Amino acid sequence: MATLIKRIISTPGAPAAMGPYSQAVLIDRTMYIAGQLGMDPSSGQLVPGGAKEEAKQALKNIGEILKAAGCDYANVVKTTVLMADMKDFSDINETYKQFFRSNFPARAAYQVVALPKDARVEIEAVAIQGPIQEASA
Numbered sequence: 009m010a011t012l013i014k015r016i017i018s019t020p021g022a023p024a025a026m027g028p029y030s031q032a033v034l035i036d037r038t039m040y041i042a043g044q045l046g047m048d049p050s051s052g053q054l055v056p057g058g059a060k061e062e063a064k065q066a067l068k069n070i071g072e073i074l075k076a077a078g079c080d081y082a083n084v085v086k087t088t089v090l091m092a093d094m095k096d097f098s099d100i101n102e103t104y105k106q107f108f109r110s111n112f113p114a115r116a117a118y119q120v121v122a123l124p125k126d127a128r129v130e131i132e133a134v135a136i137q138g139p140i141q142e143a144s145a
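The sequence shown begins at 9 in the working numbering and counts up one residue at a time.
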């Protein structure tokens with residue numbers, strides 16, 4: 009059996025991990041991106057403006073991590089969206105569509121009791137590194 013390479017992906021363009029975890033881990037060509045809050049990487053604080061703005065910043069943070077691994081949003085195949093209130097679902101979707109425009113990744117979305125830093129939104133992603141060719145069904 010071939011040995012797989014595990015690489016930690018880290019960038020100052022996204023907030024540092026707030027605990028004993030990595031911003032992302034790359035195994036072979038599969039990258040697992042830790043949940044990102046809507047935190048400004050320079051201040052470490054949540055951006056103002058509620059769920060919509062937090063989702064936008066969380067997705068920007070994901071974009072910085074993707075870039076650090078030589079990827080972009082087209083490489084994302086799965087996301088998980090955690091939200092403090094399901095009433096924010098439509099606003100989050102509106103923001104989400106600004107980053108994922110077609111051939112959307114698979115996604116799960118859940119309302120949770122609480123998120124770190126009293127955030128309204130947290131988004132994690134799985135991406136495939138390298139060129140991806142779209143195929144019709």
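Don't be surprised by glycine CBs; every beta carbon is placed ideally from N, CA and C. Fair warning: this is a prediction, and the values are worked out from it, not measured in the lab.
- Spatial neighbours of G138 in its own chain (CB-CB distance under 6 Å, excluding positions within 5 residues in sequence) are listed in chain order as R37.
- A straight line joining the alpha-carbon of D80 with that of D93 spans about 28 Å.
- Its chain contains T19, G21, A22 and P49 as the residues whose beta carbon lies nearer than 8 Å to that of E72, once the 5 sequence neighbours on both sides are disregarded; these appear in chain order.
- The residue from P113, I140, A143 and D99 with its alpha-carbon nearest to that of R128 is D99.
- Straight-line spacing of the CA atoms in V33 and G52 works out to 21 Å.
- Within the segment 42-94, the alpha helix (DSSP H) runs of at least 4 residues that lie entirely inside it are, in chain order, 59-76.
- The beta carbons of K86 and A59 sit no closer together than 8 Å.
- Shown here for I70: same chain residues with a beta carbon closer than 7 Å to its own, the five before and five after excluded, namely I41, Q44, I131 and A133 in chain order.
- Taking 8 Å as the cut-off, the beta carbon of V84 is found no closer than this to the beta carbon of A24.
- Contact annotation: I140 and A76 have beta-carbon atoms that are not nearer than 8 Å.
- The beta-carbon separation of K64 and I35, rounded to 29 Å, does not stay under the 8 Å limit for a contact.
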